[in-house]
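S.K.:
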Amino acid sequence: MTSENIDKNLDDPKLIAAKTITFGALIIGTFLSIFVIWGVIAPINSASIAQGQVVLDFNKKTIQHLEGGIIEDILVKEGQYVVTNQPLIYLQDIQSRSQNKMLRKQLVTALAIEARLIAERDNSNPDFTKILEGYNTGYISENNEINKIISTQANLYQIRQTTLTSKKDILEKRIDQLSDEIAGITSQLQATDEELKLLKKQERMSQKLVKNNNSPLNKLIEIQKQIAAAKGKKGELEANIAKAKQTISETELEIINLVNENLNDIIAELQDIEVKVSDLTEELVSAKDVLKRTMIKSPTSGIVTDLKYHTIGAVISPANEIMYIVPKDDQLIIEARINPNDIDNVVAGQKAKVQLTAFKAKKVPKLTGEVLSVSADILTDEQSSEQYFLARIKIDDSEINKLKEKITLYPGMPALGFIITGSRSLLDYLFDPITDASYKAFREE
1241 MTSENIDKNL DDPKLIAAKT ITFGALIIGT FLSIFVIWGV IAPINSASIA
1291 QGQVVLDFNK KTIQHLEGGI IEDILVKEGQ YVVTNQPLIY LQDIQSRSQN
1341 KMLRKQLVTA LAIEARLIAE RDNSNPDFTK ILEGYNTGYI SENNEINKII
1391 STQANLYQIR QTTLTSKKDI LEKRIDQLSD EIAGITSQLQ ATDEELKLLK
1441 KQERMSQKLV KNNNSPLNKL IEIQKQIAAA KGKKGELEAN IAKAKQTISE
1491 TELEIINLVN ENLNDIIAEL QDIEVKVSDL TEELVSAKDV LKRTMIKSPT
1541 SGIVTDLKYH TIGAVISPAN EIMYIVPKDD QLIIEARINP NDIDNVVAGQ
1591 KAKVQLTAFK AKKVPKLTGE VLSVSADILT DEQSSEQYFL ARIKIDDSEI
1641 NKLKEKITLY PGMPALGFII TGSRSLLDYL FDPITDASYK AFREE
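Residue numbers in the sequence shown follow the numbering used here, run continuously in steps of one, and reach 1685 at the last position.
1) Could you tell me the distance, in whole angstroms, from the CA atom of T1551 to the CA atom of L1306?
2) Decide if D1621 is buried, meaning its Cβ has at least 16 other Cβ atoms within 10 Å, or exposed.
3) DSSP three-state call for K1532: helix, strand or coil?
4) How about M1563 and Y1330: are their beta carbons less than 8 Å apart?
5) Determine contact between the stretch 1448-1466 and the stretch 1495-1506, defined as no fewer than three beta-carbon pairs at a distance below 8 Å.
6) Whole angstroms is fine: what's the gap from G1553's alpha carbon to G1309's?
7) Taking the beta strand (DSSP E) that S1638 falls in, what are its first and last residues?
8) State the Cα-Cα distance for the pair I1573 and E1318, rounded to the nearest angstrom.
9) Residues in its own chain within less than 8 Å of T1392 by CB, not counting five upstream and five downstream?
10) Is it buried or exposed, F1271, if we count other Cβ atoms within 10 angstroms and call 16 or more buried?
11) Rounded to the nearest angstrom, what separates Q1447 and I1410 at their Cα positions?
12) Extract the residue ranges of the beta strand (DSSP E) inside the stretch 1597-1630, only unbroken runs of 3 or more that lie entirely within it.
13) Quick one: what does DSSP say P1580 is sitting in, helix, strand or coil?
14) Rounded to a whole number of angstroms, what is the C-alpha to C-alpha distance between A1559 and S1638?
15) For G1553, would you say it is in contact with chain D, using Cβ-to-Cβ distances shorter than 8 Å as the test?
16) Look at the alpha carbon of T1434 and the alpha carbon of K1483, and state the distance between them as a whole number of angstroms.
17) Please work out which residues of its chain come closer than 6 Å, Cβ to Cβ, to K1301, disregarding the five sequence neighbours upstream and downstream, and give them in chain order.
18) Consult DSSP for S1557 and reduce its assignment to one of helix, strand or coil.
19) Beta strand (DSSP E) containing E1360: first to last residue?
20) Determine the direct distance from the alpha carbon of T1608 to that of T1260, and round the result to whole angstroms.
21) Taking C-beta to C-beta, are A1350 and V1499 nearer than 8 Å?
22) I want to check one thing, is the minimum distance from the CB of V1604 to the heavy atoms of the ligand HEM below 7 Å?
23) Would the beta-carbon of A1655 fall within 8 Å of that of L1612?
24) Would V1294 and G1657 be called neighbours here (beta carbons separated by less than 8 Å)?
25) Taking the C-alpha atoms as reference points, what is the distance between A1282 and I1268?
26) Rounded to a whole number of angstroms, what is the C-alpha to C-alpha distance between I1513 and D1617?
27) Would you kindly work out how many angstroms separate the C-alpha atoms of I1528 and N1340, rounded to a whole number?
28) Using 8 Å as the threshold, is the C-beta distance between A1290 and A1588 below it?
29) Return the CA-CA distance between I1495 and K1471, expressed in angstroms with no decimal places.
30) I'd like to confirm the pairing. Which residues does DSSP put opposite S1288 in its beta bridges?
31) Near K1606, which residues of its chain fall below 6 Å by C-beta distance, leaving aside the five closest residues on each side in sequence?
32) So for L1331, helix, strand or coil by DSSP?
33) Under a Cβ-count criterion, where at least 16 other Cβ atoms within 10 Å of its own Cβ denotes burial, should D1519 be classed as buried or exposed?
34) Measure the beta-carbon distance from I1311 to I1556 and round it to whole angstroms, keeping in mind my assumption that it falls under 8 Å.
35) Between Y1549 and I1314, is the Cβ-Cβ spacing less than 8 Å?
This is the structure in structure tokens:
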């Protein structure tokens, strides 16, 4: 074959078309082969898509007030960052401060009475130093009131001691008088005894004289009358001594009863005042707590949200919600609503992707997370009546940290959750609907 024939064959349109078709078929076949291999081997993740929003892992802190009150000053604004124990709102404290002052005065009075009664019981001087040290407020007017209370009880102590001493002195003087009477009667008794001795001696002498007819009988009789009178006087004196001694014993018993009755009264008063001190102490602690709570403080560091009061003088009802504090260190998670049809494919521990729809996709791509929990029962939205299962998805901190631009997540931000339920090949994805339809078709009656 000559070169001319070869050139003619090369320029033959049929030959060129055949080669082109062959080359195209080869390319198409190659791509189809690659596509089929990729469709068989390459996995495609399937996911359950759920609408959600950013929330706190722990509940936000609700700020309330037990008793409520009238707002005197509002110290924070919506969205402001606050630290632990930072004052948020001042409530008017006129009533609580007045109650506190009244209870303090009542308690100081009760403590002063208690100190006075203890001194009376123990027969010692009253000690008011604990009251002066423990309840010194630094306010001159209140300290003056405390000093007056203490002075009143100190004076009352002196009066009661003087009264008791006076009563005892009267009784003791009666005993002294009776003792003096006994001493005088005893002297008279001794004189009467001496008189009886002499009269008996005279009687014996007179009897001898009468017997010898040297003295008249009537003289003897007169002496015997005197002896009888002396004996009667002696008996009367002895009776008076016994009576005086009996009166002394009764008076001594009266003194003992006086002291015991006074002590019993003191002990009874002391028991009552101790109960009162205990009650007033508890009431004062409660009143101090109420006064302390007129300054509403933040229980944690975080951001003020949903501030419900903005007017000075507004009335806060007891236990009403005032605001919320979103703690700074709480973990932000996604609460996603799972369609009930997808719930059988969603369990705790599954991987998930989260799209923060508040940000542009170019700025914040899908973030990797993990399903922390799924609600055990179906829930219903009260407004829309939508039924759903609630899944809680935690975003890995490393996912946020590796973003080129720093972002801040706030509770309530919208999000879209893609909970990965499994993976399958492209061919499975394409042919599953056909397979499912055929499976159902062959089972129809």
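Even for Gly, the Cβ is constructed at its ideal location relative to N, Cα and C.
Since the structure is predicted, the reported quantities are computational estimates derived from the model, not experimental observations.
M.R.: In this structure, then:
1) 20 Å
2) exposed
3) helix
4) no
5) no
6) 9 Å
7) No beta strand (DSSP E) holds S1638; the alpha helix (DSSP H) holding it covers D1637 to N1641.
8) 22 Å
9) Annotation for T1392: A1352 place their beta carbon closer than 8 Å to its own, counting only its chain and skipping 5 residues before and after.
10) exposed
11) 54 Å
12) 1607-1614
13) Reduced to three states, the DSSP call for P1580 is helix.
14) 40 Å
15) The displayed structure is made up of one protein chain only, and chain D is not part of it.
16) Reading off the sequence, residue 1434 comes out as Glu, not Thr. Near 23 Å, if we compare the C-alpha coordinates of K1483 and E1434.
17) P1539, T1540 and I1565
18) Three-state DSSP puts S1557 in coil, outside helix and strand.
19) Run containing E1360: none in the beta strand (DSSP E); it sits in the alpha helix (DSSP H), I1334 to D1362.
20) 48 Å
21) no
22) Within the structure as shown, the ligand HEM is missing, as the structure has no ligands at all.
23) no
24) Taking 8 Å as the Cβ cut-off, V1294 and G1657 do not qualify as a contacting pair.
25) The pLDDT assigned to A1282 is 49, lower than 50, so where the model puts this residue is not dependable; a value taken from the coordinates is nonetheless given after this. About 20 Å.
26) 59 Å
27) The residue asked about is misnamed: residue 1528 is Lys in this sequence, not Ile. Spanning the two alpha carbons is a distance of roughly 6 Å.
28) no
29) 36 Å
30) I1659
31) K1593 and Q1595
32) strand
33) Residue environment for D1519: exposed (fewer than 16 other C-beta atoms within 10 angstroms of its C-beta).
34) 6 Å
35) yes
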